[in-house]
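Here's the structure, in structure tokens; my notes come after.
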Amino acid sequence: MAGSRFLTGLACPRCRAAFPVEARFDGCPHCGRAAPVNLVPVYDEAAQREAFRREALADRPPTMWRYAEMLPAAADGAVTLGEGFTPLLAAERMGARLGVPRLWLKDESRNPTWSFKDRLASVAISMARELGASVIGSSSSGNAGAAAAAYAARAGLPCVVLTFEGAAGAMMTQMRAYGAMVVATRDKADRWRLLERCVRELGWYPTTPYFGPPVGSNAYGVDGYKTLAYEIVEQLGWRAPDWCVLPVAYGDALAGMARGFEDLHRLGIIPAVPRLVAAEIYGSLAAADKAGADIVGAVEKDHDTVAVSIGTLQSTWQALHALRRSRGLAVRVGDADLMALQAELAAAEGVYAEPSSVVPLAAVRALRAQGTIAEDDTVVTLVTATGLKDADATARRAGAIPVIGGDLDTLFDTIGSVYGFAARH
Ligand SMILES: Cc1ncc(COP(=O)(O)O)c(C=O)c1O
Ligand SMILES: [Zn+2]
Numbered sequence: 009m010a011g012s013r014f015l016t017g018l019a020c021p022r023c024r025a026a027f028p029v030e031a032r033f034d035g036c037p038h039c040g041r042a043a044p045v046n047l048v049p050v051y052d053e054a055a056q057r058e059a060f061r062r063e064a065l066a067d068r069p070p071t072m073w074r075y076a077e078m079l080p081a082a083a084d085g086a087v088t089l090g091e092g093f094t095p096l097l098a099a100e101r102m103g104a105r106l107g108v109p110r111l112w113l114k115d116e117s118r119n120p121t122w123s124f125k126d127r128l129a130s131v132a133i134s135m136a137r138e139l140g141a142s143v144i145g146s147s148s149s150g151n152a153g154a155a156a157a158a159y160a161a162r163a164g165l166p167c168v169v170l171t172f173e174g175a176a177g178a179m180m181t182q183m184r185a186y187g188a189m190v191v192a193t194r195d196k197a198d199r200w201r202l203l204e205r206c207v208r209e210l211g212w213y214p215t216t217p218y219f220g221p222p223v224g225s226n227a228y229g230v231d232g233y234k235t236l237a238y239e240i241v242e243q244l245g246w247r248a249p250d251w252c253v254l255p256v257a258y259g260d261a262l263a264g265m266a267r268g269f270e271d272l273h274r275l276g277i278i279p280a281v282p283r284l285v286a287a288e289i290y291g292s293l294a295a296a297d298k299a300g301a302d303i304v305g306a307v308e309k310d311h312d313t314v315a316v317s318i319g320t321l322q323s324t325w326q327a328l329h330a331l332r333r334s335r336g337l338a339v340r341v342g343d344a345d346l347m348a349l350q351a352e353l354a355a356a357e358g359v360y361a362e363p364s365s366v367v368p369l370a371a372v373r374a375l376r377a378q379g380t381i382a383e384d385d386t387v388v389t390l391v392t393a394t395g396l397k398d399a400d401a402t403a404r405r406a407g408a409i410p411v412i413g414g415d416l417d418t419l420f421d422t423i424g425s426v427y428g429f430a431a432r433h
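Written as structure tokens, this is what we have:
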């Protein structure tokens, strides 16, 4: 059977229907498309409890595969580029500005393709190989496609990425650099229609959502995000933070992280799971939560966003329920100060984050201002990708670099007038 010796099958977290370990990526057939729910991997928990020992971790590699017993794919033979075990950085200067001195940044820009999606891609494509997949299919114009392309290359599997006409930027270049076959459809909806047919009719192995309403990404891959929770707790000295705040689109990372914290709680390692916050642009989770809904509906697009990576109008069932289980909340963040926040974070902490990756900081500021987050709470925010993924957005705001001759006084004047720094004293 495919998968690690700990994996026993898949299950629907909503109706509890059980399935064997197989290539099933269209959600729960019983709940159906009216209530789109992603399946979750199920494990032999007694065997996990036996194998997952803190003391054993000291000798493990500094990658997310150090927690192999909690992952669906077998560690030997995993498709890996050394993803995970990214730094958890104390961010006192930024924390002071937001009113939360105990702020930490989980810097996922340090992953092999410079985003957190490597955790999903590594597990998903490891399982692809175990399940005998012959083609990796992805529908993405961003980090998910870049990660799928890299790990498919690492696995020696062909990868087709469907995107839409006009998609551009570093991530599109990145996909092609890894040898992915990138094709854009004129009509945005066609990329899902085509990928769905390729999955159904040709057995392509999808790593991303490929039909609507979305159930979420590859069910095995999402469990790769559980390692974010294990790492954060290990890096904090086996303690859970009070809050974890992350930028959310489909909420794969949110759902995966929630399960990771729940694992640690079940194993008796942490007394309680942290409260999770979904920082969103269009607010589909906030709306569903407010309405007390079971499923997440689509919301209207009322503005364009610089946080393009999380510009989805409809999140998922498992994201909503992960929030509720953790007593968390969804916060809708406007676009107004995102680029300023990106600059502020980079200058204060040396961490250059994608615009979507500073959305959690805006959420923290709002929650602190309204008193929901207390001053002495420990808060971890996820920096999901590097700012270099969309450097043009930063360059537009920064403006032109001043050009001068060889005169020292002019240099001092320019530093003063352009950057406000008194070089002469
Ligand atoms: C940089 C970045 N942050 C956050 C997200 C949101 O991820 P998820 O769909 O897991 O909520 C994405 C993904 O699409 C992303 O590319
Ligand atoms: Zn179901």
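For the sequence shown, this note's numbering assigns the number 9 to the initial residue and increments by one for each residue that follows.
Where is the CB? At the ideal position from N, CA and C, for every residue including glycine.
None of these values were measured; they are calculated from a predicted model.
Run of the beta strand (DSSP E) containing residue i, from where it starts to where it stops
i, result
"S147", "I144 to S147"
"T171", "C167 to F172"
"M189", "M189 to T193"
"G17", "L15 to A19"
"T389", "V387 to V391"
"A98", "L96 to A98"
"D115", "L111 to D115"
Nonlocal neighbours in the same chain, by C-beta distance under 8 Å from residue i, ignoring five residues either side
i, result
"K234", "Y75, M78, L79, G264, M265, R267, G268 and D271"
"P282", "A248, P249, D250, W251, C252, F269, S334 and V388"
"E173", "A192, T193 and R194"
"D297", "L328, L331, R332, L337 and A338"
"V367", "P255, A287, E288, I289, A315, I318, V341 and L346"
"I412", "T418, L419 and T422"
Beta-bridge partners of residue i, as assigned by DSSP
i, result
"V285", "V253 and L337"
"T394", "A361"
"Y213", "I144"
"S123", "A393"
"A26", "A19"
Whole-angstrom distance between residue j and residue i, CA atom to CA atom
i, j, result
"T394", "D343", "18 Å"
"V45", "Y213", "19 Å"
"A401", "M347", "8 Å"
"Y228", "P120", "20 Å"
"V241", "R62", "11 Å"
"R274", "C206", "39 Å"
"A10", "A81", "8 Å"
"V441", "L113", "The requested residue 441 does not occur in the structure, where the chain is confined to residues 9 to 433."
"M183", "A176", "11 Å"
"A160", "S117", "20 Å"
"L15", "P28", "10 Å"
"P255", "A286", "6 Å"
"P279", "A31", "35 Å"
"D115", "G358", "11 Å"
"Y51", "A406", "49 Å"
"W73", "R101", "32 Å"
"D126", "A382", "33 Å"
"E53", "E138", "22 Å"
"G300", "V168", "39 Å"
"T324", "G305", "9 Å"
"A141", "A157", "15 Å"
"G276", "T380", "27 Å"
"A178", "A185", "10 Å"
"E204", "D384", "48 Å"
"C36", "R68", "35 Å"
"A163", "Q326", "29 Å"
Span of the alpha helix (DSSP H), counted from its first residue to its last, around residue i
i, result
"W200", "K196 to L210"
"P368", "V367 to A377"
"V48", "No alpha helix (DSSP H) contains V48, which is instead part of the beta strand (DSSP E) from V48 to Y51."
"L272", "D260 to R274"
"R405", "A399 to A406"
"Y186", "No alpha helix (DSSP H) contains Y186, which DSSP labels as neither H nor E."
"V230", "A227 to V230"
"V291", "Position check: residue 291 holds Gly in this sequence, whereas Val was assumed. That residue, G291, is in no alpha helix (DSSP H); it is neither H nor E in DSSP."
"D417", "L416 to Y427"
"I240", "K234 to Q243"
"G153", "N151 to A163"
Beta-carbon contacts of residue i that lie in its chain and below 6 Å, excluding the five residues immediately before and after
i, result
"L236", "M265"
"A43", "I303"
"S134", "A81, A86 and V87"
"L165", "I144"
Cβ-Cβ separation, residue j to residue i (assumed contact under 8 Å), whole Å
i, j, result
"G153", "R376", "Not a contact, Cβ separation roughly 35 Å."
"A435", "V391", "Because the chain here runs from 9 to 433, residue 435 falls outside it and cannot be looked at."
"P217", "Y258", "6 Å"
"K309", "L321", "6 Å"
"G232", "V131", "4 Å"
Same chain only: Cβ atoms within 7 Å of residue i, ignoring 5 sequence neighbours per side
i, result
"P363", "V314, A315, L346, M347, Q350, D398 and A401"
"C39", "C20, R22, C23 and V45"
"P95", "D115 and R118"
Below 6 Å from a heavy atom of ligand 3 - residues by beta-carbon: Among the ligands modelled here, namely ligand 1 and ligand 2, ligand 3 does not occur.
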